[in-house]
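Below is one structure, written out as structure tokens; the observations come after it.
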Amino acid sequence: MEKILNIISTTPLFSGLAENYLQELSQIAIHKHYRKGEAIFFEGDEGNGFYIVIEGKVKIFKLSIDGKEHILHFFGPGEPIGEVPVFSGQRFPANSEAVIKTHLLFFPRTSFINLLSKNPSLSLNMLGVLSKRLREFSLTIENLSLKEVPARLASYLILLSKEKGAGKLITLNISKGQLASLLGTIPETLSRIFSKMDNLGYIKVDGRTIELLDPDGLDDLSQHGKLLD
Numbered sequence: 035m036e037k038i039l040n041i042i043s044t045t046p047l048f049s050g051l052a053e054n055y056l057q058e059l060s061q062i063a064i065h066k067h068y069r070k071g072e073a074i075f076f077e078g079d080e081g082n083g084f085y086i087v088i089e090g091k092v093k094i095f096k097l098s099i100d101g102k103e104h105i106l107h108f109f110g111p112g113e114p115i116g117e118v119p120v121f122s123g124q125r126f127p128a129n130s131e132a133v134i135k136t137h138l139l140f141f142p143r144t145s146f147i148n149l150l151s152k153n154p155s156l157s158l159n160m161l162g163v164l165s166k167r168l169r170e171f172s173l174t175i176e177n178l179s180l181k182e183v184p185a186r187l188a189s190y191l192i193l194l195s196k197e198k199g200a201g202k203l204i205t206l207n208i209s210k211g212q213l214a215s216l217l218g219t220i221p222e223t224l225s226r227i228f229s230k231m232d233n234l235g236y237i238k239v240d241g242r243t244i245e246l247l248d249p250d251g252l253d254d255l256s257q258h259g260k261l262l263d
């Protein structure tokens with residue numbers, strides 16, 4: 035229970051809340067466990083609540099008409115999933131699946147709305163998180179529609195470095211196949227771009243460990259997009 039309360043208190047959604055509200059949140063939360071590859075919800079399912087990752091990793095994705103998977107995001111411990119329907123009352127806009135063995139907390143919409151009505155600070159926290167998600171979504175759309183794959187990869191590596199506070203040495207926490215889907219390309223193309231960026235001195239690749247050798251060059255590549263031969 036103490037571990038659960040600690041994760042609830044440190045997630046951006048609930049940061050700064052008084053102890054009594056954290057206790058109330060823990061009381062309405064429902065523990066859910068998923069095996070690797072098990073579906074959490076499907077696109078079109080009723081948005082009857084949202085989740086917070088306690089342990090494991092979750093991917094959010096959409097399927098094309100021909101069944102091709104396009105990954106939109108990955109979420110890990112402390113991050114909320116599916117919180118938009120709490121406000122909108124709409125259905126889930128994408129699919130969700132456990133990437134590895136995963137433990138989630140589920141917050142039913144009705145119970146959570148009752149807590150929101152008693153604590154305006156919680157509403158402000160949620161608006162902040164939703165605004166951040168909107169910015170991330172806008173960036174994803176920009177990358178996929180306006181930028182070429184090298185620029186998308188450079189943007190992702192820069193973002194990962196900033197998010198993890200890892201500086202010039204980062205570790206991919208997803209497979210390169212999953213990363214290819216996230217960037218809207220195929221694994222073969224992504225591998226060629228990684229190799230080319232390595233040869234040109236932008237990065238040094240060692241398995242899933244990547245050293246950013248030329249951060250300024252990566253930043254320029256993320257904005258302008260093409261690798262020179």
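Heads up: the sequence shown begins at 35 in my numbering, then just goes up one per residue.
From the three backbone atoms N, C-alpha and C, an ideal C-beta is built for every residue, glycine too.
From the options, residue whose alpha carbon lies closest to that of residue i
i	options	result
E72	L247, S256, S130, K202	S130
T205	I42, D240, I94	D240
F126	F95, H104, I147	F95
T136	N153, V87, N82	V87
S122	P249, K238, E80	E80
Residue i - containing alpha helix (DSSP H), residue span
i	result
S130	Per DSSP, S130 belongs to no alpha helix (DSSP H); it is in the beta strand (DSSP E), 129 to 132.
P142	Unbroken run through P142 is the beta strand (DSSP E), 136 to 142; no alpha helix (DSSP H).
Through-space distance from residue j to residue i, alpha-carbon basis
i	j	result
S209	F228	13 Å
K91	Y68	10 Å
F75	A52	31 Å
F140	T45	14 Å
H104	E58	37 Å
E182	N153	45 Å
Environment of residue i [buried if 16+ CB atoms lie within 10 Å]
i	result
F109	buried
T144	exposed
P184	buried
Beta carbon of residue i nearer than 8 Å to that of residue j
i	j	result
I244	L191	yes
A188	L97	no
V118	K93	no
P114	F84	yes
Near the ligand FAD: residue i beta-carbon under 7 Å from a heavy atom
i	result
R69	You won't find the ligand FAD in this model; it holds no ligand whatsoever.
Bounding residues of the beta strand (DSSP E) (the contiguous stretch that carries residue i)
i	result
T243	243 to 246
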